[in-house]
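Here the structure comes first, spelled out in structure tokens, and everything after it is commentary.
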Amino acid sequence: VECIGTNGAGVYRPGTLNGGPDENWCCNGMLHDGGPGRDKPTLSTRTVSAAGSTWTTNGRADSVGVLVIDITGSPAQLALISSFCCFQMFSDGKVTHLKISYLGGSSPSDDPPPGPNAANWATAVDWREVGRGEFDNGTSVTTTDVWEVEPLTCRFLKVEARNDFRYGNVSYIEVRCLKATGVIVKPGQTEALRMHQLFGTTPQVVSRLWERHLTRALSTLPFEFALGDHARNVGTGL
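Structure follows, in structure tokens:
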């Protein structure tokens, strides 16, 4: 939706919100994944190691790159999310801290999306440190940075990223991939918003149900429940 930099950060490739999955350093680069990693929460698979969202730091360790994301696109839908995971790029920049906010709601809307400075963003994941990650020198990166949240429903996310230079690569803030674990709620499927009550109020309960593959028990409910490897990566393939 929108990509900006604050505290001195600059957007490296302005105008690339619709960049392709294998393009280098595009604004929307963190939203893509593919191959074996597509539905795996701790694995990212990409053919181009420099593909990911990128901002310049201008030498400031407190600079912040900001990306506002429409998770579901048009027609308007909602996502129900219970966790996020972040992957390092292995190019010429890093991310050391990440914050994720969301615009909550009980129904999707085709209204204009919120700007980065809108007053009604709520915090899903406050500033968290991001680990080094592991790169296989080929196409795969693994992470241990998986952050569970109280299940939330939203259409829009705001991601804020920093690089405090602890891993070197001081010139750029770069995020290879951001994944969200959850389900997409299609228009008219308001029953899906009862998942909080049906599944309990903690991510652990949701995860436990997924691990038991209770898809048949859910077949009477109007959900898109494409789990893959116990997860639906709503942050990619948008």
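All residue numbers for the sequence shown refer to my numbering, where the first residue is -10 and numbers rise by one.
No residue lacks a Cβ here, since even glycine has one placed at the ideal position from N, Cα and C.
Beta-carbon gap between residue i and residue j smaller than 8 Å
i, j, result
"LEU92", "PRO105", "no"
"ASP22", "THR34", "yes"
"PRO25", "LYS168", "no"
"PHE76", "GLY9", "no"
"THR85", "ASP134", "no"
"ILE89", "GLY171", "no"
"GLU163", "MET78", "yes"
"THR131", "LEU32", "yes"
Counterpart residues of residue i in DSSP-defined beta bridges
i, result
"LEU20", "DSSP output for LEU20 lists no bridge partner at all."
"PHE76", "CYS166"
"ARG151", "VAL53 and HIS86"
"ARG232", "Residue 232 lies beyond the range of the chain shown here (-10 to 227); nothing can be said about it."
"CYS(-8)", "LEU56"
"PHE129", "Sequence check: residue 129 is Ser here, not Phe. According to DSSP, which records beta bridges pairwise, SER129 is partnered with THR34."
"GLU137", "SER72"
"THR46", "Partner(s): none; THR46 has no beta bridge."
"THR61", "DSSP output for THR61 lists no bridge partner at all."
"GLY9", "According to DSSP, GLY9 bridges with nothing at all."
"TYR161", "THR45"
"ALA111", "TYR91"
"GLY171", "ILE70"
"CYS15", "The partner list for CYS15 (beta bridge, DSSP) is empty, contrary to what the question assumes."
Own chain residues within Cβ distance below 6 Å of residue i, not counting five before or after
i, result
"VAL138", "ALA113"
"VAL159", "none"
"GLY226", "Confidence at GLY226 is low in this model, with a pLDDT of 31, below 50, so its placement is unreliable and the value that follows should be read with caution. Counting only Cβ-Cβ distances below 6 Å, and skipping sequence neighbours, we find nothing."
"VAL57", "VAL(-10), GLU(-9), PRO105 and LYS147"
"GLU149", "VAL53, VAL55 and LYS88"
"GLY18", "ALA40, GLY41 and SER42"
"THR5", "CYS15 and CYS16"
"CYS166", "MET19, ASP22, SER33 and PHE76"
Selection from the options that minimises the alpha carbon distance to residue i
i, options, result
"CYS48", "ASP134, MET19, GLY(-3) and PRO140", "Note on residue identity: the sequence assigns Gly, not Cys, to residue 48. Closest by alpha carbon: GLY(-3)."
"TYR161", "GLY8, ALA39, GLY9 and PRO10", "ALA39"
"TRP136", "CYS143, TRP116, LEU20 and THR61", "TRP116"
"TRP110", "SER72, ARG144 and LEU20", "ARG144"
"TYR156", "VAL119, LEU141 and THR131", "VAL119"
"ARG2", "ASP125, ALA107, VAL37 and GLY41", "GLY41"
"VAL37", "SER63, SER80 and ASP28", "SER80"
"ARG151", "CYS166, ASN7, ALA65 and THR46", "THR46"
"ASP59", "GLY82, ASP100 and ASN126", "ASP100"
Contact set for residue i: own chain, Cβ-Cβ below 7 Å, skip 5 residues either direction
i, result
"VAL0", "CYS(-8), ILE(-7), GLY(-6), CYS16 and TRP44"
"LEU141", "ILE70, TYR91, GLY93 and ALA113"
"SER208", "Summary for SER208: the model assigns pLDDT 27, below 50, so the residue's position carries little reliability, and this model does not support an answer."
8 Å CB neighbourhood of residue i in its chain, flanking five on each side removed
i, result
"ALA107", "LEU92"
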